[in-house]
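Since the structure comes first, as structure tokens, the remarks are kept for the end.
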Amino acid sequence: MAEQQQFYLLLSNLLNPDNAIRKQAEEAYENITGQAKVTFLLQALRNTAAGEEVRQMAAVLMRRMLSASFEEVYPNLPTDAQNAIKTELLLGIQTEGSPNIRRKTCDIAAELSRNLIDDDGNNQWPELLKFLFESKIKFPYVFTIVNAFYFLKVISALLQTMEDQANPRVQAHAAAALINFTEDCPKTLLLPYLDNLVNHLHVIMVAKLQELIQKGTKLVLEQVVTSIASVADTAEEKFVPYYDLFMPSLKHIVENAIQKELRLLRGKTIECISLIGLAVGKDKFMQDASDVMQLLLKTQTDSSELDDDDPQISYMISAWARMCKILGKEFQQYLPVVMGPLMKTASIKPEVALLDTQDMENMSEDDGWEFVNLGDQQSFGIKTAGLEEKATACQMLVCYAKELKEGFAEYTEQVVKLMVCYCVYNAVFLDHEKRVRVAAAESMPLLLECARVQGPNYVTQMWHFMCDSLIKGIGTEPDSDVLSEIMHSFAKCVELMGEGCVSSEHLEELGNIMKGKLEEHFKNQELRQAKRQDEDYDEQVEETLQDEDESDVYILTKISDILHSLFSCYKEKALPWFEQLLPLMVNLICPHRPWPDKQWGLCIFDDVIEHCSPTSFKYAEYFLRPMLQYVCDNSPEVRQAAAYGIGVMAQFGGENYRPFCTEAIPLLVGVIQMEGSKTKENINATENCISAVGKIMKCRPECVNVNEFLPHWLSWLPLHEDKEEAVHTFNYLCDLIESNNPIVLGPNNSSLPRIFGIIADGLANEAIKNEDGCSKRLANVIRQVQGSGGLWTECMSSLNEAQQAAIQNLLNIA
């Protein structure tokens, strides 16, 4: 029992922020024998008294051991120890109360099951198969086990079927099944079988290519090419070793498959080449980029000879966009060739007709027509042919604007004129052009950025052309997915254009729309609650209600986006306009509201404080008490929003907020120090609390005993998850170091190794970007230590490899 308790302490020390303690724990762990590790880890995993963090660490180490050291550990265990692992894992999955631990236990079982399938695909854990069939556990928890257990068998069976040369249709179906399988397959699950899978595909492709040349049969080759594309898309950079195996043959197909009956094969091969290029990256693809571009250009210049229904067109449009992502700015030279056909496809107008019943009977849905009955005698028809290509073309325009920026400037005028029309809801095209309208909305801020090189007057005129349609779209769009994109787009445009970009008339119209949407939000919640009281209420109804609720909350987040953009541009000048919405905002943060309402209501008041500075205190009676109360809310999302608000109070709020910053300190500390504060679901709220304490110490030192709190604050660093707050904490840390703060540096700089560890850990976890000004300050701190000889050696020796590499990288760049 004492040994197990010591092991729990060891696991806890592996999580300790103190580098020395953590390093000592790592060394102790490595010295424990394999069988003892297994025994201790299993006991820790199953003992709820050990604490969530300790149990999670036990799960991580158990899975790591089965993954990295399986052959060294598992076969050498006694049979009863092997059986104990299997039994404990299955028991844990069935009885575990913590969703996180149950999920991690499933991951361990998946790793073990994968290792217990031999080279012939035989299962050496039959109890698992029985358990999976009998299990009443929710599917998501056992999905990873099922995948690992069956993956090898499924792949082997499909590849074996694809090699059935006597039955080409069966081969084609097997290839199609493989496509579906690999498209939805996680990368980590595919990689162990990648070599076997790719080599089989290559053998089949070569055989089918010869068959095409000799007999003209193409069905299986079409599917095999798409299978290769799907595997490359999932494998990404891991496909690099196989690139040279496939690219020559794929280029050969595009170059020579010019007959009309081979159009689909050629289109799919173009798709495959571009997906492989995107997977392996520019460095590898550049050896063939010129040849591929010439093949695509030839196809594009010959496009006048292509029929409107030629399948190559849609494949070409998507391939050009992928080439743009690969080549970046170098793609600009090809725009004159690409843009004509692309704009033509993006401008397709569907054919519509109002028909009586007899006329409709003479037309078939097989001809690409879809019908809606308008009554007994009439139907509305729309011909959907070409609409899929139109949606793809609009998405490609978004891609070009995003990737090429100022390189796309000369095309912005014609693209804006087209896309603005699609932002306003048209009942005729509601169901058929959703992707078109989403792409149109997404393009608006991107096109403004592209046009900046044309000068401010040009950009302002473009924005005026967009603004009216975007606001009308916000007011009339019935589809929540499209609506959210239009709202997000409007917010981004306002941030780009700045103060004064929205006229008073448009602001008034927008205010009425926002008010209407918030009122609708509350009304919908009441209706959903009423439906829960109906006698027909059941699980299926609840599922529908949950979907509706998620959709409503998502629109609420976009209302927050729009208000954020207006406050960030207009500052306190937006407050008179905001007052019409104030009662609705206060309602959002009432105690009886659901947590997403409170979260987003607080976020809006956070913006009021941050951007309206001391003027915001005018409205403090509405939000201040709830904000302090919600620092300790049960919902981590609400805690995060409240903690952020306390931080901006200290930074921007002014003198009136001083007593409330003092009052907030013990609340923030309580959240930071509570059990489980660093778990995945709590970490963002906790890091915002840590950042808020730092902001109060920096901006309102009179509200807290800084000397007393600094050691605690340092022990909580660094922040890993919330990158924006990490920048604030590192900047404050630099302030303290640069001012030679004795508490931070310690006697004779004795605390510098600890500070060094905080910086290195933050850099290794990418909490600071190299382009941030903060990174230069951190680099200067590191260089000062670098010149100190023994201290530098001591600091660097306390770091792991990743941290040392992060330090060196910063010194090379900043």
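The numbers in full-length UniProt numbering rise by one with no breaks, and the one at position 27 of the sequence shown is 27.
Where a beta carbon is used, it is the ideal one built from N, C-alpha and C, also for glycine.
Burial check for Tyr315: the Cβ neighbour count within 10 Å reaches 16 or more, so the residue is buried. Considered as a whole, the region 168-228 harbours 168-183, 187-190, 194-215 as its complete alpha helix (DSSP H) runs of no fewer than 4 residues, in chain order. Under DSSP, Ile768 shares a beta bridge with no residue. In this structure, Leu45 places its C-beta atom within 8 angstroms of the C-beta atom of Thr105.
A Cβ-Cβ separation of about 6 angstroms places Ile782 in contact with Ile807 under the 8 angstroms criterion. The DSSP-derived three-state label of Ile117 is strand. With a beta-carbon spacing of about 7 angstroms, Glu449 and Leu496 fall inside the 8 angstroms limit used to define contacts. Excluding the 5 residues flanking it on each side, Phe285 has same chain C-beta neighbours closer than 7 angstroms at Gly277, Ile326, in chain order.
By the neighbour-count criterion, in which a residue is buried when 16 or more other Cβ atoms sit within 10 angstroms of its Cβ, Met674 is exposed.
Distance from the CA atom of Tyr193 to the CA atom of Asp735, rounded to whole angstroms, is 51 angstroms. For the 8 angstroms CB-CB criterion, Asn688 and Glu725 form a contact. Straight-line spacing of the CA atoms in Asp80 and Lys208 works out to 51 angstroms. Excluding five sequence positions before and after Cys699, the CB atoms of its chain that fall closer than 8 angstroms to its own CB belong to Ala650, Gln651, given in chain order. Residue ranges of uninterrupted alpha helix (DSSP H) with 4 or more members, entirely inside the region 675-704 and ordered along the chain, are 683-699. Taken through DSSP and simplified to helix, strand or coil, Cys632 comes out as coil. Here Leu667 is not near Leu624, since their CB atoms are 8 angstroms or more apart.
The beta carbon of Leu42 lies closer than 6 angstroms to those of Glu88 in the same chain, with the five residues before and after it left out.
A straight-line Cα-Cα distance of about 12 angstroms links Lys434 and Ser484. When DSSP states are grouped into helix, strand and coil, Ala257 belongs to the coil group. With contacts defined by Cβ atoms closer than 8 angstroms, Arg437 and Val482 form a contacting pair. Distance from the CA of Glu236 to the CA of Ala279, rounded to the nearest whole angstrom, comes to 4 angstroms. Under the DSSP assignment, Ser565 falls in the alpha helix (DSSP H) whose first and last residues are 539-570. Taking the C-beta atoms as reference points, Cys185 is found no nearer than 8 angstroms to Val225.
Put simply, the backbone Cα of Ser503 is about 19 angstroms away from that of Asp561. Nearest Cα to Val73 within the set Ile93, Thr39, Val54: Thr39. If you draw a 10 Å sphere on the C-beta of Val338, you find 16 or more other C-beta atoms in it, and that means buried. Going by beta carbons, Ile317 and Thr345 fall inside the 8 angstroms limit. Pro311 sits in coil when the DSSP states are folded into three classes, being neither helix nor strand. Counting along the chain, Ile348 sits inside no alpha helix (DSSP H), nor does DSSP assign it H or E at all. When Cβ pairs closer than 8 angstroms are counted between the two stretches, the region 438-446 is seen not to touch the region 454-461, the count staying below three.
Straight through space, the alpha carbons of Phe331 and Leu404 are spaced by roughly 8 angstroms. The beta carbons of Met205 and Ile228 sit closer together than 8 angstroms.
Inter-residue distance for Ala574 and Glu499 is about 10 angstroms (C-alpha atoms, whole angstroms). Rounded to whole angstroms, the gap between the alpha carbons of Lys329 and Ala20 is 47 angstroms.
A straight-line Cα-Cα distance of about 16 angstroms links Tyr8 and Gly676.
For the alpha helix (DSSP H) assignment, the uninterrupted runs of no fewer than 4 residues enclosed by the region 590-615 are, from N- to C-terminal side, 595-612.
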